[in-house]
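Each remark here refers to the structure printed beneath this line.
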Amino acid sequence: MSLSRHLIFIPGACHAPPRLQMATKIIHFLVNGKVERAEFRADCTTEDVKDLFRAAAEASPHHILKLYKANGSVVNISPMLEPNSQDSYYRLEVVASDLQSIGVKSDVDNMESRLCHLETKVQQDAGNTPEIIDNLKSQVESFKRKLESVKHLSWMGLFRDESPQQLSKFPAKAKGLQLNIEEEHREVRKKFLNMSSLRVIEEVRQQLKTPMFDNWQWEEPEMLVLLQVMFTDLDFLTVFHIEVDVLQNFLFEVYCHYNNIPFHNFQHCFCVTQMMYGLIWLTDIWSKLDPMDLLILLTSALCHDLDHPGYSNVYQINAQTDLALRYNDISPLENHHCAVAFGILAKEESNILKHVTTEQYKHIRAGMIRCILATDMARHNEILNKFKSVQPVFDFRNKDHTEVLMKIMVKVSDISNEARPMAVAEPWLDCLLQEFFNQGDAEKLKGLPVTPFMDRDKVSKPSSQTSFIRFVLLPLFTEITKLFPCLEQHILEPVRRALEYYSDLERATQQEAAAAVANKP
Ligand code: BYE
Ligand code: ZN
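In this text, residue positions in the sequence shown follow the numbering used here: the first is 2, and each later residue adds one.
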């Protein structure tokens, strides 16, 4: 098993001139499934050492830490701790926490129950629940959800690990959580249907057509309404005879089939679809492509990551998961996303394609399969090179040409976060790294090869992002901009600015590191 070894330094431990330098102690210990390495000076205080162990366990000051020797006996956490070797590590456990004194969990629970009381009281007095209380309730609920989904705040006692691969291992736990997820889905559906009759103001309809749109301002039921607006404004309901309730069922099923994971979640699905919608309007492509191809583009964007488990193809293949087994290691994730999409369309009540002809259905199915499978980044160069070869002689009447353009448009939409304003884009990068690092951790724990850009001990956010922008985003965006020059201002320029931003950050980090080395005796 390959275990990561972290170095945690107590300030001052290594910056003193050599002749004054105290002997340091090195302690190896297992915590949260990882063997960590701590280094401290023999003359530091007991509190210093305890703080160090607390940080490694991601525990709060209210947690009680216990350190065990290999033989099971408890040892005191103090500067007197006996040094050990990598093979004879101690075991660190967070045994208990006094959650009452932390207060966050009880505060949130309190808020919820006081709101419930208030609602009952107002209902008795006024006969109905005013909107302001409903709003307050949904805000408290959404805040609680956010706290629950942040792993490093787990010491608050609110964190719920809902990753699907976690669920399958614990059937009882899975059942309990499934119920909560179902409840949440029902709530979102109710709100979505209630809101869908409201008119979305013109200003929002316009924003929806540009990469400036800020997804972080919208909650899930609202995003579902906005998706309905996209289908409506592209005239799909008329052209393909889609009934409103079938479209709503379809959108809701899509929402339900995205998992609650840091990056590949329903918000990502929404952003990719919104970017596609923007591209369709900005490039005027709606006037050049068959309506069926437009439906393929928007629906592929919507379905392209359905039921993503939060672990990449490489992981699926190395861990020999059920998905890799089913798809013989060939784009297992993308094949699965696509299969889930057609599972949703196979149900009468959510089949937005039920009134199209057999010929049309065949065309749309083939197109969606092509577009969704094209999102496997392992095929990036193959697809970009094909587009490069047709771009100079591009002809909208040539099926080969439009097919590769459609793949490129889905790919651009999929990885286009950096084309958005920095305040929108940067949180997305943090979500992605959180998901990647979770995979890196899982790979270490299982003794699998650690995917290079997923190792939290090796990856720096600015340097990986500058490389990604230089070698992936700019070449791709430059190529599509040759076909649609208007995209220069909408996607190419913001990405160039993002490159500058991350290059500055990278330089600053390097200078800091250089200064730290220079200050060393
Ligand atoms: C990609 C593949 C799979 C999942 F670590 C997500 F530097 C992505 F390599 N996306 N999507 C957007 C991205 C971005 N990958 C990266 N930056 C993005 O903005 C680079 C990665 C953070 C890393 Cl390509
Ligand atoms: Zn995606």
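Using N, Cα and C, we set each Cβ at its ideal position, and we do this for glycine too.
- With contacts defined as CB atoms closer than 8 Å, I331 and L248 fail to qualify as a contacting pair.
- Here V240 has P292 as same chain residues with Cβ atoms under 7 Å from its own Cβ, once five neighbours each way along the sequence are excluded.
- With three or more CB-CB distances shorter than 8 Å, the region 410 to 426 counts as touching the region 469 to 481.
- Contact between the region 244 to 260 and the region 334 to 347 is present, with at least three C-beta pairs closer than 8 Å.
- At least 8 Å separates the beta-carbon of K408 from that of C432.
- Closer than 7 Å to some heavy atom of ligand 1: that describes the Cβ of E419.
- Remark: fewer than three beta-carbon pairs, one from each stretch, lie closer than 8 Å, so the region 292 to 309 and the region 503 to 511 are not flagged as touching.
- Bounds of the beta strand (DSSP E) holding A39 are 35 to 42.
- For K210, the closest of M196, S197, L227 by C-alpha to C-alpha distance is L227.
- Inter-segment contact for the region 357 to 376 and the region 334 to 341 is present: three or more beta-carbon pairs are separated by less than 8 Å.
- The beta carbon of V425 lies closer than 6 Å to those of D215 in the same chain, with the five residues before and after it left out.
- Assigned with DSSP and collapsed to three states, L303 falls in helix.
- Counting along the chain, the unbroken alpha helix (DSSP H) around K363 starts and ends at 359 to 374.
- Taking N382 as reference, the option from K412, E94, H402, V394 with the minimal CA-CA separation is K412.
- In the structure shown, the three-state DSSP call for V273 is helix.
- T403 and T284 have their C-alpha atoms spaced approximately 14 Å apart.
- Between ligand 1 and Q392, a heavy atom-to-CB distance of less than 7 Å is absent.
- Residue nearest to S61 within the set K51, Y69, K70, P450 is K51 (criterion: CA-CA distance).
- Within the DSSP bridge table, the entry for T130 names no partner.
- Taking 8 Å as the cut-off, the Cβ atoms of Y259 and C270 count as close.
- Closest by C-alpha distance to R115, out of I134, G128, L296, is I134.
- Near ligand 2, meaning a Cβ closer than 5 Å to any of its heavy atoms, lie the following residues in chain order: D306, D415.
- Here P84 is exposed. Its C-beta has fewer than 16 other C-beta atoms within 10 Å.
- Excluding residues up to 5 positions away in sequence, F271 lie with their Cβ nearer than 6 Å to the Cβ of M224 in the same chain.
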